[in-house]
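*Asks:* Chains as they are written, first to last, in this note's numbering: chain A, 197 to 549; chain W, 3 to 326.
Even glycine gets a Cβ: it sits at the ideal position worked out from N, Cα and C.
In this text the structure is predicted, and so the values were computed from the model without any measurement.
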């Protein structure tokens, strides 16, 4: 599909700053989590999205507020973009009784289910069997359509999880039913320690979609505006009734699978090559050289997100662990011990409604 | 009251719930124009259309996964697993995703996953399963299995209206063999409540599904020996009606646990443990299990007959039990 005009050309200056803010906030929240992890305050593993913040923000920024997102552990940027308050993330990682899951589940495994007609994002965090998100995302978008809504579901999936049966069953089902689903398939070069060459014999991850008749295209995942442009087109097509779409993202996981993993299996040269393409640094250059922002504006945002992340982390640290007496509560209906709602916030760059 | 088959009762429940509640839809393999492998959904698509009677690809993970997603959006999906053996293909989606969802984040998953279970029809290793034990160790799921047409309808209605994921096992041996009075008025059979199918004083046969009829057959044969057996139909396998189990054992002091799944690791083990823990003082004899042999389900009729529990095996076990 040829576009004379890129969707990103229509982004207003404050929207460009907002995208920068979300990517920066994702990175700073994770930097804070690293500190908490080293202090043994994070209970389980810590999974960084370093180097992938740009594609997470660029894809999610193409959605409408009411759309559904099904992020993976490395899509902190998407969660910041749809407005999840960072405090919710810190609570989850530190297993606080105040967290969305009340300490029952970890990291970004959070859920927000608004009323069907509310203009608020549906958020369904992954379970560790990551491929499961694809059929569930298809069901969310199908369910919205059955109730007369027009929510698009966007689900992120790593190169490893595209090898699961659930991914293929879900994508095929969505294609047959023409469900408004946008899958963001991230080639970040490694699934834990397994290189993509051992994961698939095709050259580009987006070719996974070919046999299902699902339109697909690769994008440079470290170019935030290119990601946004492709995502916007895909989201618009899905919403227009053209069925599922798949975005193949070319990017790099810049750290190990989790903090315990020193990623010795990754060649140094590869990391150096990708370090030069850091998405946030690149976006910064684009904004300054294009005249959309002054260096000082961006420095101010850097300070703002760093301080915000630190304050939110401090709040969560002081919150209590869950009550052991609650261990069997909420397994079945009738006891609303956990509720599927997270606190959502607007960025300082959000326009008045 | 009209007399209808077990299968017709299931179909009636689907028709009535779909007519009464626009949020209910069905999804599965060959359920639309064809009406399902056993014709349970016959006529549903004609009445409710393709968007509410969804023919899926052969993809159990997509069937259950999309049902979970749709339930998050306020719908009430009913998934048909063509033969319940195929539920193994969506085990992950049920045990890891659906069963944990409410506990983890308060996101209830009001779905029903139903399908034909059980043997006795020459189905062989992959069309004869009784899968309840695979799920009994998974909190968050409910499980029911009716033995009568009345319960088939009432339990399915209750399952569809339930706010948690319910596995609904329908025994294919009973589909067209069992007929009874089924009201045309709306009613439900509550999940978690057992039924006493035969009152007796000498031993309690605790069972469910097609084995209820085997137990009743055995009880009639035992009558000639002067043995008076009580037959408890569990109806719900999760949650279990502990009160009904324990009060029957308190009355008869002897328990025979009859189930069609394989003996080892089956639901009978859990029932035996409940009785041992909570009714030990009432027992006059050790608890006895009658179940299928510990083997895959065989195909040839003489093999399957040797494999399955029969009324004769129940009678033998009961005679030994009352003599203890």
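Suppose you measure from the CA of residue 249 of chain A to the CA of residue 503 of chain A; what does that come to, to the nearest Å?
*Replies:* Working through the first chain from its first residue, we reach residue 249 of chain A at position 53. Working through the first chain from its first residue, we reach residue 503 of chain A at position 307. When rounded, the distance between both Cα atoms is 19 Å.
*Asks:* Quick one, are the C-beta atoms of residue 258 of chain A and residue 337 of chain A less than 9 Å apart?
*Replies:* Taking the first residue of the first chain as position 1, residue 258 of chain A is located at position 62. Taking the first residue of the first chain as position 1, residue 337 of chain A is located at position 141. Against a cut-off of 9 Å, the Cβ pair of residue 337 of chain A and residue 258 of chain A comes out as no contact.
*Asks:* Alpha carbon to alpha carbon, how far is residue 443 of chain A from residue 423 of chain A? Give it in angstroms, no decimals.
*Replies:* By one-based count along the first chain, residue 423 of chain A stands at place 227. By one-based count along the first chain, residue 443 of chain A stands at place 247. Using only the alpha carbons, I get a separation of about 9 Å.
*Asks:* Can you list the beta strand (DSSP E) stretches of 3 or more residues lying completely in the region 235–266 of chain A, in chain order?
*Replies:* DSSP runs (the beta strand (DSSP E)) wholly in the region 235–266 of chain A: 264–266.
*Asks:* Please confirm whether residue 317 of chain A and residue 261 of chain A have their CB atoms less than 9 Å apart.
*Replies:* Indexing the first chain from 1 puts residue 317 of chain A at position 121. Indexing the first chain from 1 puts residue 261 of chain A at position 65. Cβ distance < 9 Å, so residue 317 of chain A and residue 261 of chain A count as in contact.
*Asks:* Under 9 Å between C-beta atoms, does residue 366 of chain A make it to chain W?
*Replies:* If you number the first chain from 1, residue 366 of chain A lands on position 170. Answer yes: the Cβ-Cβ gap between residue 366 of chain A and chain W drops below 9 Å somewhere.
*Asks:* Which residues in chain A have a C-beta closer than 8 Å to the C-beta of residue 59 of chain W? List them in chain order.
*Replies:* Within the second chain, numbered from 1, the residue matching residue 59 of chain W stands at position 57. By Cβ distance, chain A contributes 365, 368, 369 and 372.
*Asks:* May I ask you to report which of helix, strand or coil DSSP gives residue 399 of chain A?
*Replies:* On the first chain, position 203 is the one that residue 399 of chain A refers to. Three-state result, residue 399 of chain A: coil.
*Asks:* When you compare the CB of residue 461 of chain A with every CB in chain W, is at least one pair closer than 9 Å?
*Replies:* Position 265 of the first chain, counting from 1, holds the residue named residue 461 of chain A. It does not: the Cβ of residue 461 of chain A has no partner Cβ on chain W nearer than 9 Å.
*Asks:* Beta-carbon within less than 7 Å of residue 434 of chain A's beta-carbon, same chain only, minus the 5 sequence neighbours each way: which residues are those?
*Replies:* As a first step, residue 434 of chain A must be located in the first chain, where it is residue number 238. Hits under 7 Å: 348, 376, 377, 378, 440 and 441.
*Asks:* What does residue 335 of chain A touch in chain W if you count any residue whose Cβ is under 7 Å from its own?
*Replies:* Sequence index remark: in the first chain, residue 335 of chain A carries index 139 (1-based). Here the neighbours are 67, 68, 69, 70, 71 and 72.
*Asks:* Let me know the beta strand (DSSP E) ranges lying completely inside the region 317–341 of chain A, each 3 residues or longer, listed in chain order.
*Replies:* For the region 317–341 of chain A, whole beta strand (DSSP E) runs of length 3 or above, ordered along the chain, are 318–320.
*Asks:* Kindly say whether residue 84 of chain W, judged by its beta-carbon, lies nearer than 9 Å to any beta-carbon of chain A.
*Replies:* By 1-based counting over the second chain, the position of residue 84 of chain W is 82. By this cut-off, residue 84 of chain W is not an interface position.
*Asks:* Can you list the beta strand (DSSP E) stretches of 3 or more residues lying completely in the region 341–425 of chain A, in chain order?
*Replies:* Segments of the beta strand (DSSP E) lying fully in the region 341–425 of chain A: 349–354, 377–383 and 412–416.
*Asks:* Check whether the Cβ of residue 43 of chain W lies closer than 9 Å to any Cβ atom in chain A.
*Replies:* Taking the second chain and counting its residues from 1, one reaches residue 43 of chain W at position 41. By this cut-off, residue 43 of chain W is not an interface position.
*Asks:* Quick one: does residue 103 of chain W have its CB under 9 Å from some CB of chain A?
*Replies:* Along the second chain, one-based indexing puts residue 103 of chain W at 101. By this cut-off, residue 103 of chain W is an interface position.
*Asks:* Going by beta carbon distance, what residues of the same chain come within less than 7 Å of residue 133 of chain W, once the five residues before and after it are set aside?
*Replies:* Numbered from its first residue, the second chain carries residue 133 of chain W at position 131. Cβ within range, chain order: 86, 89 and 119.
*Asks:* So, are the CB atoms of residue 234 of chain W and residue 198 of chain W less than 9 Å apart?
*Replies:* Locating residue 234 of chain W in the second chain gives position 232, counting from the first residue. Locating residue 198 of chain W in the second chain gives position 196, counting from the first residue. The answer is yes: Cβ separation under 9 Å.
*Asks:* Anything in the region 343–360 of chain A with a Cβ closer than 7 Å to a Cβ of chain W? List those residues in chain order, please.
*Replies:* Answer set for the region 343–360 of chain A: 343.
*Asks:* Cutting at 7 Å between CB atoms, please list the residues of its own chain near residue 498 of chain A, excluding the five before and the five after it.
*Replies:* Here residue 498 of chain A refers to the residue found at position 302 when the first chain is read from its first residue. These residues qualify, in order along the chain: 220.
*Asks:* Apart from the five residues just before and just after residue 461 of chain A, which ones in its own chain have a Cβ nearer than 7 Å to its Cβ?
*Replies:* In the first chain, the residue the question calls residue 461 of chain A occupies position 265. Correct list, in chain order: 389.
*Asks:* What did DSSP end up calling residue 117 of chain W once you bin it into helix, strand or coil?
*Replies:* For the purposes of this step, residue 117 of chain W is taken as the residue at position 115 of the second chain. If DSSP states are grouped into helix, strand and coil, residue 117 of chain W belongs with the strands.
*Asks:* At 7 Å on the CB atoms, spell out the chain A contacts of residue 141 of chain W, in chain order.
*Replies:* Here residue 141 of chain W is taken as the residue at index 139 of the second chain, counted from 1. 527, listed in chain order.
*Asks:* At a cut of 8 Å, does the region 310–322 of chain W reach the region 269–281 of chain W through at least three beta carbon pairs?
*Replies:* No: fewer than three Cβ pairs fall under 8 Å.
*Asks:* Consider the Cβ of residue 77 of chain W: report whether some Cβ of chain A lies at a distance smaller than 9 Å.
*Replies:* Within the second chain, residue 77 of chain W is the residue found at index 75, counting from 1. Judged by the 9 Å Cβ criterion, residue 77 of chain W is in contact with chain A.
*Asks:* Looking at residue 319 of chain W: is its Cβ nearer than 9 Å to the Cβ of residue 258 of chain W?
*Replies:* Within the second chain, numbered from 1, the residue matching residue 319 of chain W stands at position 317. Within the second chain, numbered from 1, the residue matching residue 258 of chain W stands at position 256. A contact, by the Cβ cut-off of 9 Å.
*Asks:* Shortest alpha-carbon distance to residue 253 of chain A belongs to which of A:541, A:223 and A:342?
*Replies:* Position 57 of the first chain, counting from 1, holds the residue named residue 253 of chain A. Here the closest residue by C-alpha is A:223.
*Asks:* Below 8 Å on the Cβ atoms is my contact criterion, and I expect residue 445 of chain A with residue 380 of chain A to pass it. Report the Cβ-Cβ distance as a whole number of Å.
*Replies:* Along the first chain, read from residue 1 onward, the residue named residue 445 of chain A stands at position 249. Along the first chain, read from residue 1 onward, the residue named residue 380 of chain A stands at position 184. About 6 Å separates the two Cβ atoms, so the contact holds.
*Asks:* Since residue 534 of chain A meets chain W, which of its residues come closer than 9 Å, beta carbon to beta carbon?
*Replies:* The residue you call residue 534 of chain A lines up with position 338 of the first chain. By Cβ distance, chain W contributes 104, 105, 106, 107, 108 and 109.
*Asks:* Please state whether the Cβ-Cβ distance between residue 369 of chain A and residue 509 of chain A is less than 9 Å.
*Replies:* The residue labelled residue 369 of chain A in the question sits at position 173 within the first chain. The residue labelled residue 509 of chain A in the question sits at position 313 within the first chain. No, these two residues do not count as a Cβ contact at 9 Å.
*Asks:* When you compare each of W:263, W:145 and W:157 to residue 167 of chain W by their alpha carbons, which one comes out closest?
*Replies:* As a first step, residue 167 of chain W must be located in the second chain, where it is residue number 165. Comparing Cα positions, the closest option is W:145.
*Asks:* Using 9 Å as the threshold, is the C-beta distance between residue 256 of chain W and residue 324 of chain W below it?
*Replies:* Indexing the second chain from 1 puts residue 256 of chain W at position 254. Indexing the second chain from 1 puts residue 324 of chain W at position 322. Yes, the Cβ-Cβ distance between residue 256 of chain W and residue 324 of chain W is below 9 Å.
*Asks:* Can you pull the chain W neighbours of residue 449 of chain A, defined as C-beta to C-beta under 9 Å?
*Replies:* Mapped onto the first chain, residue 449 of chain A falls at position 253. Within 9 Å Cβ-Cβ: nothing; residue 449 of chain A doesn't reach chain W, min ~24 Å.
*Asks:* Is the separation between the beta-carbon of residue 107 of chain W and that of residue 240 of chain A shorter than 9 Å?
*Replies:* For the purposes of this step, residue 107 of chain W is taken as residue 105 along the second chain, with counting starting at 1. For the purposes of this step, residue 240 of chain A is taken as residue 44 along the first chain, with counting starting at 1. It is not a contact, given that the beta carbons lie outside the stated cut-off.
*Asks:* Please look up how many angstroms separate the CB atoms of residue 64 of chain W and residue 73 of chain W, rounded, as I've assumed it's under 8 Å.
*Replies:* Locating residue 64 of chain W in the second chain gives position 62, where the first residue counts as 1. Locating residue 73 of chain W in the second chain gives position 71, where the first residue counts as 1. Not confirmed; about 15 Å, so no contact.
*Asks:* Counting contacts by CB-CB distance shorter than 9 Å, is residue 294 of chain W in contact with chain A?
*Replies:* The residue you call residue 294 of chain W lines up with position 292 of the second chain. Residue 294 of chain W does not count as touching chain A.
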